[in-house]
Structures are given as C-alpha cells and as structure tokens.
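Numbering (our numbering), first residue to last: 10 to 169.
Below is one structure, written out as structure tokens; comments come after it.
Structure representation (structure tokens):
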C-alpha cells in the first residue's frame, strides 16, 4: 500500500479535543465532523486540506479521550495518513479500525513537502529533499484492514 501527499505539520500533544472539539460531537455525520477537524489548532485547516494530504505531527498525537470521531474527522477531511513520532494507543487503534493509516516515524519534512509512504516496504521518501526514512513495515493483516476501509468492512468481506 502506497500513499503520496502533501504535508501539514502539527506539534506535540495534539489531543482529541483539538482534533474535533466536543461542541461538534452532537453529530456522527463524518462530513460534519470533517468540517471542523483540527480547528482548535488551525482554524482554516478543514477548508484548505485536500484529498491525499498527510498530517505530520510530533509526539503523543491523539492523546485525550477515546472518541472515535477524532480519526473519523481526519479521514473524512481528505487526509490519507497521519505520521507522528508517537500516538496515543487508543487513537492508534481507532484509526486502524476506521481505515486511517497511522505511521510512527521521526520523519523530517516541512509543511508543503510531498512525501511517499510505502507501508509494505517500510519506507518514507521525502520527494522535496530526496531523503529516505525507514519505518516498521505494516503487517499483512493490518494492511488488509486498511485496504478494506477499516475493521468493520474487513470483517464483512471476510464473511462473504
């Protein structure tokens, strides 16, 4: 599975209340959630992010509550992956469960850089600098869950 996109940079400790503020949790509609994604950190993010873009963050991304709406809002905003130095464990699992790739890496990239991620090969290439970064290759069962669009879709396909 390969992902290519433009980087949006965020810092450390981006919590789920910043990803999708609690006042918007009156809905479960993914489009409504996406309209407010990360506005606690960058007010205009949802209006500027494009399909295929990638979030690059520091440590402890997704800390805070266990709300599944946080990765849902990110995924439905058009973001194809989140790369961070570390993730809160429940956010990491929630992201995989809904089909959003989350990659642990010390990737060096500036906002606007274009990167390519090869989840099977365990490599990230920063096309803007030419640097290559190694990551842990994703296990086949995780790749299948992501390719199927999340755990529920994967389970439904397995039952067919």
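Even glycine gets a Cβ: it sits at the ideal position worked out from N, Cα and C.
| query | result |
| --- | --- |
| Output the distance between the C-alpha atoms of residue 153 and residue 68, rounded to the nearest integer angstrom. | 26 Å |
| Name the residue from 139, 10, 59 and 84 whose alpha carbon lies nearest to the alpha carbon of residue 28. | 84 |
| Alpha carbon to alpha carbon, what distance is there between residue 169 and residue 59? | 34 Å |
| Residue 77 by DSSP, collapsed to three states: which one? | coil |
| What residue range does the beta strand (DSSP E) around residue 167 cover? | It is not in any beta strand (DSSP E) - residue 167 instead sits in the alpha helix (DSSP H) that spans 160-168. |
| Is the Cβ-Cβ distance between residue 54 and residue 96 less than 7 Å? | no |
| Identify whether residue 14 lies in helix, strand or coil by the three-state DSSP scheme. | strand |
| For residue 86 and residue 43, which I take to be in contact (beta-carbon distance under 8 Å), what is that distance rounded to the nearest angstrom? | 4 Å |
| Residue 135 and residue 124 look like a contact to me (Cβ under 8 Å); what is the Cβ gap, rounded to whole Å? | 5 Å |
| Please name the residue, chosen from 116, 45, 89 and 21, that lies closest to residue 131 on a Cα-to-Cα basis. | 116 |
| Whose C-beta lies closer than 6 Å to the C-beta of residue 20 among residues of the same chain, with five residues either side of it excluded? | 67 |
| Just list the beta strand (DSSP E) runs in the segment 80-110, keeping only unbroken ones of 3 residues or longer that don't cross its boundaries, in chain order. | 90-93 |
| Report, in whole angstroms, the separation of the C-beta atoms of residue 88 and residue 63, which I expect to be a contact under 8 Å. | 7 Å |
| According to DSSP, is residue 24 helix, strand or coil? | strand |
| Leaving out five residues before and five after residue 11 in sequence, what residues of the same chain have Cβ atoms less than 6 Å from its Cβ? | 127 |
| Whose CA, out of 93, 122, 57 and 106, lies closest to the CA of residue 16? | 122 |
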